[in-house]
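Following: one structure in structure tokens, then a few remarks.
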Amino acid sequence: MSIEAIQQEVATWPDAQIRKLRAYLFALDCERSGEPVSLATRKLDDPNRRWYSIEEAEKMLGLDTEES
């Protein structure tokens, strides 16, 4: 089955199935990269971890200037 056929099939799925597939692919990626899923979720759940908003990230990267 080609990637294009898979993409066309997935495009017809309901949101719940797409979320399940997304979670599976994330876990598979973690497994293949050697990073356990629990490590990734610990990073996301850590209240002491600093997360930046899109606006903050754009400002830090110098992408917040509007082109005229």
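The sequence shown lines up with residues 91 to 158 when you count with the working numbering. Ideal Cβ positions, reconstructed from N, Cα and C, are used throughout, including at glycine.
Inset, instruction - Could I get the ranges of all uninterrupted alpha helix (DSSP H) runs contained in the stretch 91-126, with 4 residues as the minimum, in chain order? - result: If we require 4 residues or more, the alpha helix (DSSP H) runs fully inside the stretch 91-126 come out as 93-100 and 105-123.
Legend entry - Contact set for SER158: own chain, Cβ-Cβ below 6 Å, skip 5 residues either direction: As a first step, residue 158 is located in the sequence shown; it is residue number 68 there, counting from the start. Only weak support is given to the placement of SER158: the predicted model assigns it a pLDDT of 45, under 50, and the value that follows is read from those uncertain coordinates. Contacts found: none.
Legend entry - Segment limits, alpha helix (DSSP H) that includes LEU31: With the chain covering 91 to 158 only, the question about residue 31 has no answer from this structure.
Legend entry - Beta carbon of ALA113 nearer than 7 Å to that of CYS120: Along the sequence shown, read from residue 1 onward, the residue named residue 113 stands at position 23. Along the sequence shown, read from residue 1 onward, the residue named residue 120 stands at position 30. For the pair ALA113 and CYS120, the CB atoms are not nearer than the 7 Å cut-off.
Inset, instruction - Take ILE108 and list the residues in its own chain whose beta-carbon comes closer than 8 Å to its own, dropping the five residues that flank it on each side. - result: Locating residue 108 in the sequence shown gives position 18, counting from the first residue. The residues are VAL100.
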